[in-house]
Every structure is written in structure tokens, then in C-alpha cells.
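Report on the structure given below.
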Amino acid sequence: MSLNHLGQLLAQESMQPVINHLIQLQEFIIARAQQEAGMPGAQLDQLDASISALTKELPPEVNIRFSRLLQKGPLAIVPVVNGVCTACGMTLPVALVHQVHAAEQIYNCPSCARLLFYRASGARNTRKSPRRSEAPKVGIERFSAQSLMITELEGADRDSIIAELCQKMADEGFVDDPVKLQEAALQREAIISTAVENGLAFPHVRSVEGGALTLALGITPKPVKFDPAAGKASTRIVFFMVIPTAASAFYLKLLAGLSQVFQKAENRDKLLEADTPEKLWKALIRTTRLAIQ
353 MSLNHLGQLL
363 AQESMQPVIN
373 HLIQLQEFII
383 ARAQQEAGMP
393 GAQLDQLDAS
403 ISALTKELPP
413 EVNIRFSRLL
423 QKGPLAIVPV
433 VNGVCTACGM
443 TLPVALVHQV
453 HAAEQIYNCP
463 SCARLLFYRA
473 SGARNTRKSP
483 RRSEAPKVGI
493 ERFSAQSLMI
503 TELEGADRDS
513 IIAELCQKMA
523 DEGFVDDPVK
533 LQEAALQREA
543 IISTAVENGL
553 AFPHVRSVEG
563 GALTLALGIT
573 PKPVKFDPAA
583 GKASTRIVFF
593 MVIPTAASAF
603 YLKLLAGLSQ
613 VFQKAENRDK
623 LLEADTPEKL
633 WKALIRTTRL
643 AIQ
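Residue numbers (the working numbering): 353 to 645.
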């Protein structure tokens, strides 16, 4: 059964509630994958229970199609931004964009087959592409810059730290709306904290279109309680990332690589000892050279 035929069978005044449900379910599934990548061996019972409950509430036909798409990759439903499928980059017919916006049915991308939803607004990545004359960058240098290093975060809690890192990205010309970016990051934190073991945290925002995956790094002067449910303050190293939809699978590999590198105390110490953005940047490059290609 084609997805458009499925949409006709399920057509009603609006399919937006079902679409919202799919988006929420996918966020939980991705959060689970992120927990596995960032903290191998983590207890995932709470996420598994939420995923199971949300899945059972889907119409059976939608659930079948959604599950089949997830078997092909981490994303089954993706936003349409500026008339483009953010997963494969195909420019969609104008009529299809209007239909996706109306949400009277569930539509799929004619190219990659993913389910589509319309997103009106959100922070955008404004990072400029490198000039052809510039030497190609390798490793972590492809995703970050010295200007995105903060050796002494001023924030004393999760929300203020995320706000500071969002503002840093905006000030350096990498994103256009730090307020919307912060809101999206905190919505993600509400699913499950991105703080992991060894004093690390990986707050992030997905579906930030317009540029490449971008990473900022901040160090706190003393441990903070990044996870509100944590027994004590322990986070000191905060990696904040904005991720375009098309880079979602690669992001999980990057997260796993960073987690592996900074499981080692000597690598964490190199970051913590840096007292200037230049030193922090050099320490990040050196410690990740082998793991991040």
C-alpha cells in the first residue's frame, strides 16, 4: 500500500494530531539512540516504556509504515523547510508543500519516501561555507571553531548554560535565533537529560537547517547540576551541537566518538586545564584526532 493511499484511507478534518504523535515518538526513539551512544550501558527502561506506550496509540496502518521507514535509518518523519525535504534535499512540488502544510493527509517525500510535516519556523544555521581556496578541514575542525570555545561558562545551571552557548553560536554568526534555539534545546532536555557520566553533557538541537553540523564547547568553573534529577552536581564539560536533519545518523557516530574519547580522565583534564579559547581548541583537536575523522 502506498503512503499516499494510506493517507487517503486515514483522511479526516486534520491529520495533525497523528503527525504530532509521530514526531513525539521519533524524538523518544532518537533520545534512546543518543543515550546508547553517549552512555553505553545506561538504563533505558523509562524511555522504552514511553516508546511502547506511544507506539500502541498509533493507527495500525501508520505504525506499520513508520516502523518500516525506521528500519532504513534513524528518521521516518522529517520537516519540510523552504519547500525542501530536509532528509534528502529534494525540492518538492509546490502543490505537495501546500498539502503537507494543510495536513489533511499524511504525505511522503517522492524521493526518499520519508513522511513529511510542515515546520513554520525555527532557528537556522547561518554558518558560511568555506572558500575553495581554504585548505580542507579534517576531524573536529569540520564542525567547530576556536571562536566557539568558552573556557569559563558564566551560567550556574543547565538552562543558563544552554542559553550562553546558544548566544555564543549566534554572536559568532553560526545561528540566527538563539532564543528559539534555547527553547528547542530545553524541549529536548525535557525528554531525558543529555548529561552523562564523567562530568559530560551533550545538549543539542536537531533539524537546524541551512548549514552543517556545528559544535560549541563550554567548561564550567565548578561542577553544576545539569540533570535536575541527579543526586549531586557533576557536569563540567558541555558540548552543544546543532544538527541538520540530513546529519542525524552521523551525529550519533560523533556523539559515540566524543563519549569514548572523554571517558578517559587524562583527556578530560586536558580540556579542563585550558585557560584560553585557543588552548581549549587545540586540546579538543588533539584529544579527538584519532576518534573523529
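No residue lacks a Cβ here, since even glycine has one placed at the ideal position from N, Cα and C.
Candidates the options, of which the one nearest residue i by Cα
{"i": "Arg540", "options": "Val370, Leu377, Gln423 and Asn434", "result": "Leu377"}
{"i": "Arg588", "options": "His373, Leu468, Asp509 and Ala455", "result": "Asp509"}
{"i": "His556", "options": "Thr546, Ala564 and Lys622", "result": "Thr546"}
{"i": "Thr628", "options": "Gly570, Glu618 and Asp579", "result": "Gly570"}
{"i": "Val594", "options": "Asn477, Leu421 and Gln398", "result": "Asn477"}
{"i": "Gly425", "options": "Leu517, Gly562 and Leu467", "result": "Leu467"}
{"i": "Ala598", "options": "Val613, Ala617, Gly563 and Gln615", "result": "Gly563"}
Residue i classed as buried or exposed, judged by whether at least 16 other C-beta atoms fall within 10 angstroms
{"i": "Val576", "result": "buried"}
{"i": "Ser404", "result": "exposed"}
{"i": "Pro580", "result": "exposed"}
{"i": "Lys647", "result": "Any property of residue 647 remains undetermined from this structure, which presents the chain solely from 353 to 645."}
Extent of the continuous alpha helix (DSSP H) run through residue i
{"i": "Thr407", "result": "Asp397 to Lys408"}
{"i": "Met593", "result": "It is not in any alpha helix (DSSP H) - Met593 instead sits in the beta strand (DSSP E) that spans Thr587 to Ile595."}
{"i": "Lys631", "result": "Pro629 to Thr640"}
{"i": "Lys520", "result": "Arg510 to Asp523"}
{"i": "Pro369", "result": "Gln368 to Gly390"}
{"i": "Pro573", "result": "Not the alpha helix (DSSP H): Pro573 falls in the beta strand (DSSP E), residues Thr566 to Val576."}
{"i": "Val557", "result": "Run containing Val557: none in the alpha helix (DSSP H); it sits in the beta strand (DSSP E), His556 to Arg558."}
Extent of the continuous beta strand (DSSP E) run through residue i
{"i": "Phe469", "result": "Leu467 to Tyr470"}
{"i": "Ala537", "result": "First-last for Ala537: Pro530 to Ile543, but that is the alpha helix (DSSP H), not the beta strand (DSSP E)."}
Q: Kindly provide the ranges of any beta strand (DSSP E) runs that are 3 or more residues long and lie completely inside the stretch 429 to 463, ordered along the chain.
A: Along the length of the stretch 429 to 463, whole beta strand (DSSP E) runs at least 3 residues long occupy 429 to 433, reported in chain order.
Q. Are at least three pairs of beta-carbons, each pair with one atom in the stretch 433 to 445 and one in the stretch 460 to 475, less than 8 Å apart?
A. Between the stretch 433 to 445 and the stretch 460 to 475, the count of Cβ pairs shorter than 8 Å is three or higher; the stretches touch.
Q.
Taking contact to mean 3 or more Cβ pairs, one atom from each stretch, closer than 8 Å, check whether the stretch 426 to 435 and the stretch 367 to 376 are in contact.
A. yes
Q.
Three or more C-beta pairs under 8 Å: does that hold for the stretch 549 to 568 against the stretch 382 to 395?
A. yes
Q | the stretch 386 to 395 / the stretch 604 to 616 touching (three or more Cβ pairs under 8 Å) | A | yes
Q: Would you check if there are 3 or more beta carbon pairs closer than 8 Å linking the stretch 520 to 537 to the stretch 499 to 506?
A: yes
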